[in-house]
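These notes are about the structure you will find just below.
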Amino acid sequence: MQISKEEYQLFKPLLFSLAYRMLGSVVEAEDIVQETFLGAYQLNEENIKNKKAYLCKMLTNRCLDMLKSARSRREYYVGPWNPEPLILDKLHAFDPSEMIIQKEGLSIAYLRIMEHLTPDERAVLLLREVFAFSYVEIANIIEKREENARKIFSRAKQKVSRIEGESLNYKINKSIIDRFIQAFQTQNTSVLLELISENVTLYSDGGGIVNAATRPIVSPSNVLALLYGIIKKVPKDFYFEVKSVNYQPAIVIFMNETLHSIFSFYIYNERINEIYITMNPEKLPIH
DNA sequence: CGACTCCAATAGTAGCATCG
DNA sequence: CGATGCTACTATTGGAGTCG
């Protein structure tokens, strides 16, 4: 297949964003995008009418293979699994167009929901909602019947419904996080309790490599106890910044001049419902 | 230990209701 | 009318338990 420089520039961010949403991993997504382009160059077919759909098909199938084989691996993962954070505008860095659709769908909370879906459901949901393919095209991509594609989509939709249409407003969420930090630094427990939901859950992903809670922490008292515990132990050269991670405000923590962890949040009704701490060094980009 | 059965959960299909 | 999404039914799968 012939792919011009322009087409490559156009399709690369699209494919990356599809793969990243499917896999929750920046590294794996980048690999798969490269593989897909290499595979496409080697194709002899010159009469492919819809290159975009064809590339998505190749990519989707690779992702599905990887998900199906990774499913067993994920079972051996120590503790909660969080998606690999996407810091700064990695996508924008090589994307001038409007191709990056629906940034809300890139929040850590959303990606974590995706984990509850089967590989097929993920693929269909993304192709439909984010990339606006028709059911006929989707059926062609995943090699199933059109009716079935619709069914898979509606099932997927049901599972993710709880996160649909909610306030993923960056400014509002940032102000909540700022107040949270402020209250935390002054150890103002009553304000903290106003900012977090009564069924708050904290997922801390250390990947079995660094110390992290091996199961989710539930309830405000337990979560605050854990956070207070962390703050007591931090070294002097600790500092943090509030940055855009997955297009949502997050707290990025540095220790000894290196990136130590990232705190992401799922905020609903102006309260923190879920906290995701990513400490697994394999998921933190090196600066 | 492998082979077998059974059951529950999931995937797939047919057909119908709704809406523009 | 076609596109969509739903319900209700059927088929398939995978895992737990059991037996030889």
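FYI, in full-length UniProt numbering the residues of the first sequence are 1 to 287.
A virtual CB, placed ideally from N, CA and C, is assigned to each residue, including glycine.
Being a predicted model, the structure only gives us computed values, none of them experimental.
Between G24 and A213, which are expected to be in contact by the criterion C-beta below 8 Å, what is the C-beta distance as a whole number of angstroms?
-> On the first sequence, position 24 is the one that residue 24 refers to. On the first sequence, position 213 is the one that residue 213 refers to. The pair is not a contact, with the Cβ atoms about 20 Å apart (cut-off 8 Å).
For the alpha helix (DSSP H) that contains E35, what are its first and last residues?
-> Along the first sequence, read from residue 1 onward, the residue named residue 35 stands at position 35. First-last of the alpha helix (DSSP H) with E35: V26 to Q42.
Excluding sequence positions up to five away, which residues of its chain have a Cβ less than 7 Å from the Cβ of Y239?
-> On the first sequence, position 239 is the one that residue 239 refers to. Around Y239: F254.
Excluding the five sequence neighbours on either side, which residues of its own chain have a C-beta within less than 7 Å of the C-beta of A19, listed in chain order?
-> Indexing the first sequence from 1 puts residue 19 at position 19. Answer for A19: A29, I32, V33, L59 and C63, listed in chain order.
For P281, name the three-state secondary structure that DSSP assigns.
-> Position 281 of the first sequence, counting from 1, holds the residue named residue 281. If DSSP states are grouped into helix, strand and coil, P281 belongs with the helices.
Under the three-state reduction of DSSP, which class applies to E257: helix, strand or coil?
-> If you number the first sequence from 1, residue 257 lands on position 257. In this structure, E257 counts as coil in the three-state DSSP scheme.
Can N140 and A250 be called in contact, C-beta distance under 9 Å?
-> Here residue 140 refers to the residue found at position 140 of the first sequence. Here residue 250 refers to the residue found at position 250 of the first sequence. Their beta carbons are not under 9 Å apart, which means N140 does not touch A250 by this criterion.
Using the rule of at least 16 other Cβ atoms within 10 Å of the residue's Cβ for burial, across every protein chain shown, is T36 buried or exposed?
-> Here the question's residue 36 lines up with position 36 in the first sequence. Label assigned to T36: buried.
At least three beta-carbon pairs within less than 8 Å, the segment 197-206 to the segment 269-287 = yes
Between L111 and R122, what straight-line distance do the alpha-carbon atoms span, to the nearest angstrom?
-> Taking the first residue of the first sequence as position 1, residue 111 is located at position 111. Taking the first residue of the first sequence as position 1, residue 122 is located at position 122. Roughly 10 Å between the two C-alpha positions.
L127 vs V160 beta-carbon contact at 9 Å | For the purposes of this step, residue 127 is taken as the residue at position 127 of the first sequence. For the purposes of this step, residue 160 is taken as the residue at position 160 of the first sequence. No, the pair does not count as a contact, with Cβ atoms beyond the cut-off.
Segment contact, 8 Å Cβ cut-off, at least three pairs: the segment 257-271 with the segment 170-182 | yes
Would you check if the distance between the CB atom of Y266 and the CB atom of S4 is smaller than 9 Å?
-> By one-based count along the first sequence, residue 266 stands at place 266. By one-based count along the first sequence, residue 4 stands at place 4. No; because the gap between Cβ atoms is not below 9 Å, this pair is not in contact.
Exposed or buried, what is V27 when buried is set at 16 or more other beta-carbons lying within 10 Å of its beta-carbon?
-> In the first sequence, counting from the first residue as 1, residue 27 sits at position 27. When all chains shown are included, V27 counts as exposed.
Got a sec? Which residues, its chain only, sit under 8 Å from R150 by beta carbon, not counting five neighbours each side?
-> Within the first sequence, the letter at position 150 stands for residue 150. Once the five neighbours on either side are set aside, the close Cβ partners of R150 are Y135.
Should A139 be counted as a contact of the ligand MG given a C-beta to heavy atom distance under 8 Å?
-> Of ligands this structure carries none, so the ligand MG is not represented either.
In terms of alpha-carbon separation, which member of Y8, D120, P119 and L284 lies closest to D205?
-> The residue given as residue 205 occupies position 205 in the first sequence. Out of Y8, D120, P119 and L284, L284 has the C-alpha closest to the C-alpha of D205.
Buried or exposed for residue 291, please, with buried defined as at least 16 other CB atoms from any protein chain shown within 10 angstroms of its CB.
-> Outside the modelled stretch of the chain, which goes from 1 to 287, sits residue 291, for which no answer is possible.
Would you check if the distance between the CB atom of F16 and the CB atom of K51 is smaller than 9 Å?
-> Along the first sequence, read from residue 1 onward, the residue named residue 16 stands at position 16. Along the first sequence, read from residue 1 onward, the residue named residue 51 stands at position 51. No, these two residues do not count as a Cβ contact at 9 Å.
DSSP three-state call for A93: helix, strand or coil?
-> Your numbering for residue 93 matches position 93 in the first sequence. With a pLDDT of 46 at A93, under the threshold of 50, the modelled position of that residue is not reliable, and no figure is offered here.
Separation of R155 from Y170, as counted between CA atoms = Residue numbering aside, residue 170 sits at position 170 when the first sequence is read from its first letter. Residue numbering aside, residue 155 sits at position 155 when the first sequence is read from its first letter. Answer to the nearest angstrom: the Cα atoms are 29 Å apart.
Those residues which DSSP pairs with I251 across a bridge | In the first sequence, residue 251 corresponds to position 251, counting from 1. Its beta-bridge partners are V242 and F263.
Give me the Cα-Cα distance between E137 and P119, rounded to the nearest whole angstrom.
-> Working through the first sequence from its first residue, we reach residue 137 at position 137. Working through the first sequence from its first residue, we reach residue 119 at position 119. Distance between the alpha carbons of E137 and P119 is about 18 Å.
In chain order, what residues of the same chain have a beta carbon less than 6 Å from the beta carbon of V223, not counting five sequence neighbours either side?
-> The residue given as residue 223 occupies position 223 in the first sequence. If we look at V223 and ignore the five residues flanking it on each side, its Cβ neighbours are V200, L202 and I217.
Which of the three DSSP states, helix, strand or coil, is assigned to S197?
-> As a working note, residue 197 is residue 197 in the first sequence. Strand.
P220 - containing alpha helix (DSSP H), residue span = As a position in the first sequence, residue 220 is number 220, starting the count at 1. Unbroken alpha helix (DSSP H) run through P220: P220 to K233.
Taking A225 as the reference, give the member of F184, K236, K243 and V245 with the closest Cα.
-> Translated into the one-based positions of the first sequence, residue 225 becomes position 225. Checking every option, the nearest Cα to that of A225 belongs to F184.
Measure the alpha-carbon distance for S221 versus L67 and round it to whole angstroms.
-> The sequence position of residue 221 within the first sequence is 221, counting from 1. The sequence position of residue 67 within the first sequence is 67, counting from 1. Near 36 Å, if we compare the C-alpha coordinates of L67 and S221.
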